[in-house]
Amino acid sequence: MITANIHKINQEIGVHARLIAVSKTKPLEMLQEAYQGGQRIFGENKVQELVQKYEALPKDIEWHLIGHLQSNKVKYIAPFVAMIHGVDSYKLLENINKEGAKNQRVIPCLLQIFIAQEETKFGLNPDELYSLLEQLNQTPLPYVQIGGLMGMASNVADATQVSNEFKGLKNLFDKVKSQYFDHQASFKEISMGMSGDYPLAIKEGATLVRVGSLIFGER
Ligand SMILES: *Cc1c(COP(=O)(O)O)cnc(C)c1O
């Protein structure tokens with residue numbers, strides 16, 4: 228089932244985006260099944276669970292942390308994490324930079340943008356994003372690579388609203404790309420879309436979609 232689900236989603240998203248299989252709360256056997264079906268990119272939202280699964284599973288898996296990250300936990304994932312989505316402060320970037328330096332690796336990060344209408348705790352608004360980028364210009368962090376932007380749309384049935392939120396993130400990405408990362412090929416990711424809305428996200432330009440329950444079942 229899991230392999231069939233992944234295959235079906237991959238056919239839908241085509242070549243423009245990559246699928247992150249969001250395996251949070253799911254047992255190792257399910258991840259192994261996905262791995263045997265060819266899946267190599269997994270997303271988790273808790274540091275401890277991410278570390279445990281990393282240790283137990285094959286080392287060619289690309290692990291993405293998709294949830295909120297506390298500064299004091301960066302050290303546990305810095306040696307291996309492929310990408311940290313959901314970064315929303317310079318202070319956290321400083322910490323990631325410090326741990327990257329210790330491990331002699333540049334850690335790819337996505338800046339989380341607040342795009343939903345509903346109130347959530349996480350994500351930058353455009354003003355906050357620009358001031359963070361200015362701060363980065365003034366004090367660059369060599370062990371951090373800003374790989375793009377990430378966002379979560381409102382959890383509503385209104386497809387027009389969800390599409391507009393994704394459009395907003397894509398527009399912001401294009402602006403930031405031309406103003407700050409024009410010659411940096413590594414600024415290329417727009418991480419948006421989950422089980423309920425990834426087809427809309429793909430249409431609006433997602434390069435990474437984060438799909439959990441549609442692959443592994445409800446949590
Ligand atoms: C859990 C989670 C997902 C996947 O959600 P599904 O609805 O199960 O696909 C995607 N992104 C983030 C940030 C998540 O926490």
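The opening position of the sequence shown corresponds to residue 228 in our numbering, with each subsequent residue numbered one higher. Ideal placement from N, C-alpha and C gives every residue a C-beta, glycine not left out.
- Distances taken from the Cβ of Gly241 to the heavy atoms of ligand 1 include none shorter than 8 Å.
- Contact between Pro285 and Tyr262 holds, with the beta-carbon distance rounding to 6 Å and staying under 8 Å.
- DSSP places Ser418 in the uninterrupted beta strand (DSSP E) bounded by Glu416 to Ser418.
- Residues of the same chain with a CB within less than 7 Å of the CB of Ser298, apart from the 5 flanking positions on each side, are Lys318, Leu319 and Asn322 in chain order.
- The criterion of a C-beta distance shorter than 9 Å is not satisfied by His295 and Gly270.
- Taking the C-beta atoms as reference points, Ile293 is found no nearer than 9 Å to Arg267.
- Look at Gly264 here: in three-state DSSP terms it is coil, with no helix or strand label.
- Proximity annotation: ligand 1 has residues Val249, Lys251, Gly270, Asn272, Ile293, Gly294, His312, Gly313, Met379, Met421, Ser422, Gly423, Arg437, Val438, Gly439, Ser440, Leu441 and Arg446 in chain order, each selected because its CB is closer than 7 Å to a heavy atom of the ligand.
- Taken in chain order, the complete alpha helix (DSSP H) segments of 4 residues or longer contained in the segment 354 to 423 are 386 to 407.
- Taking a C-beta distance under 9 Å as the contact criterion, Ser418 and Leu359 do not qualify as a contact pair.
- In this structure, the beta-carbon distance from Gly378 to Phe393 falls below 9 Å.
- Here Glu346 carries a coil assignment [DSSP, helix/strand/coil].
- Under the three-state reduction of DSSP output, Phe269 falls in the strand class.
- In this structure, the straight-line span from the alpha carbon of Thr366 to that of Asn324 is close to 12 Å.
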